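Going down the list, the sequences are from chains A and B. Residues 71 to 403, numbered by the working numbering, are exactly what the first sequence covers, in order. Residues 71 to 403, numbered by the working numbering, are exactly what the second sequence covers, in order. See below for the structure under consideration.
Protein chains: 2
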Amino acid sequence: MAATIYDIARQAGVSSSTVARVLRGDTKGDRKDSAERAARIRQIAQNLGYRPNLRARAFSEQRTRGVGLLYTDDSWVFEGVNDKVIQGLVQQLRKHEYHLLLLPIDDGGEWEDVVLGGHVDGCVTFQFLPEAVRAGIRDTSLPCVLLGDNSDPELPHIVVDDVGGAYTATRHLISLGHRRIGLYFHHTIKPHCSVPQRREGYENAMREEGLQPQIWHCGEDEMMAALIRKSDRPTGLICYSDLESTLIRHATWQYGMNIPGDLSLIGFNDKFATKYMTPPLTTVGFDANQIGADGAQMIIHSLNGNNSQDNGHRKAVTIKTQLIVRGSTAAPA
Amino acid sequence: MAATIYDIARQAGVSSSTVARVLRGDTKGDRKDSAERAARIRQIAQNLGYRPNLRARAFSEQRTRGVGLLYTDDSWVFEGVNDKVIQGLVQQLRKHEYHLLLLPIDDGGEWEDVVLGGHVDGCVTFQFLPEAVRAGIRDTSLPCVLLGDNSDPELPHIVVDDVGGAYTATRHLISLGHRRIGLYFHHTIKPHCSVPQRREGYENAMREEGLQPQIWHCGEDEMMAALIRKSDRPTGLICYSDLESTLIRHATWQYGMNIPGDLSLIGFNDKFATKYMTPPLTTVGFDANQIGADGAQMIIHSLNGNNSQDNGHRKAVTIKTQLIVRGSTAAPA
DNA sequence: GTGGCTAATGCAACCGGTGTCAGAACAGGG
DNA sequence: CCCTGTTCTGACACCGGTTGCATTAGCCAC
C-alpha cells in the first residue's frame, strides 16, 4: 500500500540504491545532472507520500532507535516527581530521534523478550532493579543507565544527593533549635536505594551535634503514637519523601496538632502539591527533569558506540538538592 | 552474535523453516520422529540461548506489537491520575503482548515518522488531539482510540461521565443548602474536552433549581477576589479538577478563610493526595485505571483485524463517576 | 580526442524472520 | 505391494530498507 523506494526508483528510472542515498542525504550533489536527478527523486517521493518503513530500517540497521524504561510497581513511575523524570527523558531522547518504551518488569519475564529480543537499543531503569533483571541485562551487554539507583557501580547511573539533602534538612531543624529530631520511612518503602543514603545524611548531622538519631520505619499510626507522647516526643521530623509528610500532616490535623507549632515537618522531593499544603511544606527539592535529561544523554552516549571503555565520559551523575524552606518548620515551642 | 534459526537449523541438520515452525509451536507433533526432532530443536535453541529477533519478526509480520501514546503537554490534565490511566493501559496491553511507546506531539512533526512510519501498529491519544494530528492519522487509517476526548465521533473513544459528575457535585451542594454555587476553571485550562461537559452538568443542576450559574475561568487571585466579597460571594465552589481545589484551598488558608465553614469546595479526579488535604477534599472520582484498561482492549480489538465495520463492538465507553464526600463540604453558615 | 581521476550509479548481498507450495515420508486399506 | 490421502519437511520468495563494491559517467588537462 505505502510507497517504497522501489516505487520511486521505477518512476524515476533509477536504481533503488540511488533513491535510498538521495533520500538519506548521502548525495554530495556536486554535479549538475546529479543534482537534477536528486531533485526529481525527491519530488516523486513527495508526490507518492513516501515515508520510510521504520520496521524495514530497524531490521536493516539492526537498531530501532527505541529505549526501554524498565520499572517495577514499587517505583510508581508517574507518581510525584517521577513524571518530570520521564518528561525529561522523553524530551531529551526525542532530540536525538529516540523514543521511549514503557516496560514494567513485575510479573513474568516478558520484558526479556522485548529488551533482549532487540526491540530496544538500550534501556533505562527506574529506582529499583531486581537482581535477575540486572543479570540478564549484563549478559547481553546492552547499554543501560540506572536512574536513582547506584546499586551497581559498573553501570552508569544518576542519583540524587540524598546524603547531602538529608544532612541539610537535619541541620535546618538543628539550627532552629530542635534537639529531638526523627527520621521517618513509611513501612511500604522498601529498603533499597536512597533509604541508606538519606539515613546517612541524617545521622551525620545528628552525630555532629551529639544528638541521638531516632529512626522509624512503620505505618503512620505507629509514627503518630510516638509523636503524641508527651515527654520525649520528637519536635522535628524528617520524612523520607513527601508521601510521608502528607500522611503525617493529615494525621496531625486529625489529632489537632499544629504544624509547625507542635511539630516541624520536612519532606523530600518537592512534588508539585507540597507548596500548596497547609501549611506549605518545607522539603528537599531537586531538578527531577534533569535526572531524565541526563539519563537520556548517557544512554545516547552509550548507544553511539562509546559503550565500552568510555573516554572520560562521566559514568555517574549526582543531582544536587536544595532545601526549600516553607511554613512547616519553625523553632520548637 | 546472537543465535538465529539458521544456526539452530545447521546444528540440528534440518531446514530453517522446520526450526521456525517448531519454535512457534505450529507443529502438530503426532508422529514419533517428528516429536523427537522438535524436542532436539528446542534443546539446541535453549543451548544456544536463542531468542527470536524482534526486529526481523516485525519486518516480516509487518507489525511491531507496539502502541503509541500520543499526548501534548496540555494533556497532563488528568493530572495526578495520569499514572493510573497509563498503568491500566500498559498492564492490559501487556496481557496481549503489546507494549506502549510514549510519543509527545508538541513541537515538530516527528511523531509522524514514528507513527506513520510503522513503528507502532496503532495509537491511543490522550485528552487533546490537535486537528493536524487527527487528520494525519485518519489518512493512514491507523487504528486509534481517543482517551478522555470525544471530539471525533468517528473514532472509538473513552470518556469520563463529566456531565453526570458535575451534576452530582452541584446537587450535593444544593442539598446541603447552598444557593450561590460557582464553577471554577483555572485560566491555564484550555477549553477543550471535559470543559463543556462539566459545565453542562453544573448548569443543568443549577437551572433545575432556578439558580444562577456563575462560571469563572481565571487565575486563582481573581477567583479569590470573588470569594472574599462580602455580599454575594459563592458559598460553594465546584472546581474543574483537584488542581483548582488545591490552589483555592491554599489561597483560602492564606486569607484565613475556613473550609468548609466559609466555603464548601469540591474537586474532580480524586487524585491520591486529595484525601489527605486539610480538610480532606470532597471530590468526583472515577476509575482511572479502567480508562486505560478499556482503551487497551479497544485498540487491541481494532488491531486484531476488526478495524473496519465493527461487529457490535462498543465504539464509545463512558466511565462513570462517583461523588466522594469528605470534609471540604458542609452546609453554608 | 583521449587518458586519467573522481564522483555517481547500479547490482547484489544482507539483515532474520514468516508463509506458501511442491514434494517427500508415512500409515492404512485393498 | 501399490495406491491414496494425510502429515510433515525443505526450498524459496518476500518484507524494504542499507551498504560494499564494481562499474559507469562526468570533468578536466593535455
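For each residue, glycine too, the CB sits at the ideal point set by N, CA and C. This one's a predicted model, so the numbers in the text were calculated from it and none came from an experiment.
Ranking A/D357, A/A115, A/D96 and A/A72 by CA distance to the CA of A/A82 puts A/A115 first.
The C-alpha of B/I175 is placed about 42 Å away from the C-alpha of A/H287. A distance below 6 Å between beta-carbons, with the five flanking residues on each side excluded, links B/V92 to the following residues of its chain, in chain order: A108 and I111. DSSP places A/T195 within a strand segment (E or B) once states are collapsed to three. A/A400 is positioned such that its CB atom lies no closer than 8 Å to that of A/P350. Within 10 angstroms of the beta-carbon of B/R208 lie fewer than 16 other beta-carbons, which makes it exposed. The three-state reading of DSSP puts B/S334 in strand, counting E and B together. The CB of B/L186 comes closer than 7 Å to the CB of R121 in chain A, given here in chain order.
Any Cβ of chain B closer than 8 Å to the Cβ of A/R94 would place that residue at the interface, and such an atom is absent. Within the segment 197–275 of chain B, the runs of beta strand (DSSP E) at least 3 residues long that lie entirely inside it are, in chain order, 214–217, 227–230 and 251–256.
If you look at B/T88, you'll find it in the alpha helix (DSSP H) that goes S86 to R94. Membership of B/F356 in any alpha helix (DSSP H) is not indicated; the residue belongs instead to the beta strand (DSSP E) covering T352 to F356. Taking B/M294 as reference, the option from B/R269, B/E314, B/E279 and B/R277 with the minimal CA-CA separation is B/E314. Against chain A, the beta carbon of B/Q132 has neighbours under 8 Å at R125, listed in chain order. In the three-state scheme derived from DSSP, where H, G and I count as helix and E and B as strand, B/A126 is classed as helix. Between A/L118 and A/I78, the beta carbon gap of about 6 Å places them in contact (Cβ cut-off 8 Å).
In this structure, B/H257 lies near B/G289, with their beta-carbon atoms less than 8 Å apart.
The DSSP-derived three-state label of B/G187 is coil.
CA-to-CA, the gap between A/D291 and A/T344 works out to about 21 Å. Short of 8 Å from the beta carbon of B/V233, and not among the five residues preceding or following it, lie these beta carbons of its own chain, in chain order: Q267, R268, E270, G271 and N274. The shortest C-alpha to C-alpha distance from B/H248 to any of B/D231, B/H262 and B/M276 is the one to B/M276. Across the structure, B/A128 and B/V190 are spaced so that their CA atoms are roughly 10 Å apart. Scanning its chain for C-beta atoms nearer than 6 Å, with the 5 sequence neighbours on each side dropped, one finds around A/T388 the residues V229 and D231, in chain order. For B/I78, the uninterrupted alpha helix (DSSP H) run begins and ends at I75 to A82, by DSSP.
Scanning its chain for C-beta atoms nearer than 6 Å, with the 5 sequence neighbours on each side dropped, one finds around B/K154 the residues A358 and N359, in chain order. For the 8 Å CB-CB criterion, B/C309 and B/L333 do not form a contact. Chain B places no beta carbon closer than 8 Å to that of A/V194, leaving this residue out of the contacts. With a threshold of 16 other beta carbon atoms within 10 Å, B/A366 meets it and is buried. Minimum Cα-Cα distance from A/D312 among the listed residues A/P304, A/A296, A/S301 and A/N339 corresponds to A/N339. What B/T353 touches in chain A, judged by beta-carbon distance under 9 Å, is nothing: the nearest beta carbon there is about 14 Å away. B/Y325 does not reach chain A, its nearest Cβ partner there being about 12 Å away, counting only Cβ pairs nearer than 8 Å. A/T388 sits in a strand when the DSSP states are folded into three classes. Under the three-state reduction of DSSP output, B/Q284 falls in the strand class.
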